[in-house]
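To start, the structure under review is shown below, and the notes come after it.
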Amino acid sequence: MENNISPSIHNNFDLIRLLAAIQVVFRHTFYKYDFQSEILNFIKELILAFPGVPIFFMVSGFLIYWSFDRNSKNVKKYAKNRFFRIYPALWFCLFVTITVLWIHDKNHTIYSNFGIFLTWILGQLSIIQFWTPEFLKFFGEGSPNASLWSICVELQFYFFVPFLFFLVRKYKNYKFFIFFMFFTSSIIFNHWISHFDKNFLIYKLGFVSLSQYLFYFMLGIFFYNYWGTIRRFIEQKCIIWTSLFIFLYFLCKNHIDIDLNNYYLHSFYKIAFIILLNISILSFAFSQNNISHILLRGQDISYGIYIYHMLIINIFIQNSLSIHNNFVIILLITIIAASLSWFIIEKPILKRIRK
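So the sequence shown is numbered by our numbering: it starts at 11 and just counts up by one.
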């Protein structure tokens with residue numbers, strides 16, 4: 011890290027992740043929905059201006075690299091921490107998903123395709139959460155838990171961090187050039203993959219590859235590495251950066267394509283807005299640093315919200331219930347499921363491995 015100045019451990023990242031998770035729930039409910047009220051449509055556009063998944067990726071870039079920087083001499087500990095942060099809660103969510111699927115499988119489709127079903131389970135248990143066999147598309151919007159595609163991307167990033175860290179350490183005089191090359195390669199990959207038909211396998215695999223989203227992760231990594239230089243422009247300046255982002259977003263969104271809920275990096279303008287969004291998020295993380303602690307008291311249900319919300323939305327769809335009219339109920343059920351996951355599974359495991 012430049013100047014050996016580490017970011018403050020007192021920050022609002024837990025709150026940012028929670029808000030990002032709730033934004034994802036909102037997006038999956040209202041993205042293509044038009045309200046009758048102009049005020050409600052404005053609020054919708056304001057919420058959509060802060061896309062949850064890119065925020066997760068940028069925050070992960072900052073925090074995971076920071077974590078590895080502190081524990082670079084113990085790669086085994088890093089791997090253990092990452093494994094237990096992701097998989098126990100994910101596996102229990104899979105158990106709940108399987109139960110829900112069996113309950114709703116009126117035509118015994120699963121039983122008729124049991125071999126493929128077991129293969130799907132193995133994929134969910136490992137790193138292939140994005141794959142849904144054809145016979146499971148009877149449920150909900152076509153995939154039991156479609157939002158889990160990003161877990162695969164996150165896991166790829168966990169493998170990438172040690173490689174990048176030791177590469178930068180070995181060639182520290184070329185650190186900026188190394189970062190620039192990874193930024194550029196991600197942008198080039200985005201342009202290349204966008205030319206393929208969405209039904210092609212290479213497009214589908216590209217959509218869940220780290221290369222597609224590396225730009226987002228690298229933003230967090232870049233800002234962490236140069237924190238000593240840029241912190242004075244970010245800390246305690248949340249109102250300035252966020253106001254600037256919102257003003258420019260609404261000024262430009264009807265004139266240029268800057269839909270941040272579409273993750274492709276297809277224009278200079280969009281890249282500029284992603285960078286500005288990243289600065290706004292980091293500024294919020296390090297402005298009034300105790301907000302997260304006051305509101306959450308160290309409880310982090312954001313992961314649970316993310317992995318359960320789409321399953322719950324699909325239950326409503328499967329039972330012909332409006333997800334728009336029942337958004338508050340969906341969100342409450344999701345929060346309850348996430349809280350149970352946190353207090354029963356995630357928190358006890360994290361407490362044990364940190365001893």
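Using N, Cα and C, we set each Cβ at its ideal position, and we do this for glycine too. Everything numeric in this text was worked out from a predicted model, so none of it was measured.
query: R362 (DSSP reduced to helix, strand or coil); result: helix
query: Environment of A31 [buried if 16+ CB atoms lie within 10 Å]; result: buried
query: Nearest-angstrom Cα separation, counted from I340 out to F294; result: 27 Å
query: Given 8 Å, three or more beta-carbon pairs between the stretch 183–200 and the stretch 151–165; result: no
query: Whole-number beta carbon distance between H319 and V34, since they are thought to touch under 8 Å; result: 7 Å
query: Buried versus exposed, by CB contacts within 10 Å (16 or more), L128; result: exposed
query: Contact set for I57: own chain, Cβ-Cβ below 7 Å, skip 5 residues either direction; result: Q33 and F36
query: Cβ separation of I244 and I304, assumed to be a contact under 8 Å, to the nearest whole Å; result: Their Cβ separation, rounded to whole angstroms, is 21 Å, which puts I244 and I304 out of contact at 8 Å.
query: Simplified DSSP assignment, three categories, for G133; result: helix
query: Simplified DSSP assignment, three categories, for D79; result: helix
query: Assigned exposure category for E164 - 16 Cβ within 10 Å defines buried; result: buried
query: Inter-residue spacing [alpha-carbon to alpha-carbon] between F326 and F52; result: 26 Å
query: Backbone CA spacing between F193 and F225 [nearest angstrom]; result: 5 Å
query: For G230, the nearest candidate out of F66, L28 and F255 (CA to CA); result: F66
query: Range covered by the alpha helix (DSSP H) that runs through E48; result: E48 to L58
query: Residue-level contact to chain B via CB, F217, 7 Å cutoff; result: The structure shown contains no chain B, having only a single protein chain.
query: Same chain, Cβ closer than 6 Å to Q166, five either side skipped, listed in chain order; result: L220
query: CB of V85 within 7 Å of CB of P172, strictly; result: yes
query: CB-CB length for I120 against Q139, believed under 8 Å; result: About 18 Å; that fails the 8 Å criterion.
query: Local Cβ density within 10 Å of Q222, reported as buried at 16 or more and exposed below that; result: buried
query: Proximity of T39 and I333 at Cβ, strictly below 7 Å; result: yes
query: Near the ligand GTP: F66 beta-carbon under 6 Å from a heavy atom; result: No copy of the ligand GTP occurs in the structure displayed, which carries no ligand at all.
query: Backbone CA spacing between R179 and D79 [nearest angstrom]; result: 10 Å
query: Rounded separation between A99 and H265 - CA only; result: 42 Å
query: Where G125 falls, given that 16 or more other Cβ within 10 Å makes a residue buried; result: exposed
query: Pair within 7 Å by beta-carbon distance, W145 and N123; result: Here the sequence assigns Phe to residue 145, which means Trp is not the residue at that position. Yes, these two residues count as a Cβ contact at 7 Å.
query: Start-to-end residues for the alpha helix (DSSP H) that takes in T142; result: Per DSSP, T142 belongs to no alpha helix (DSSP H) and is neither H nor E.
query: Supposed close pair L360, R95 - CB separation, criterion 8 Å; result: 7 Å
query: Distance between S77 and E55 (C-alpha atoms, nearest Å); result: 34 Å
query: Stretch pair the stretch 340–350 + the stretch 307–317: three plus CB contacts closer than 8 Å; result: yes
query: Beta-carbon separation (whole angstroms), L135 vs W112, contact threshold 8 Å; result: So it is not a contact: roughly 17 Å between Cβ atoms.
query: I198 beta carbon less than 7 Å from that of L275; result: no
query: R27 (DSSP reduced to helix, strand or coil); result: helix
query: Sub-7 Å separation of C262 and S297 beta-carbons; result: no
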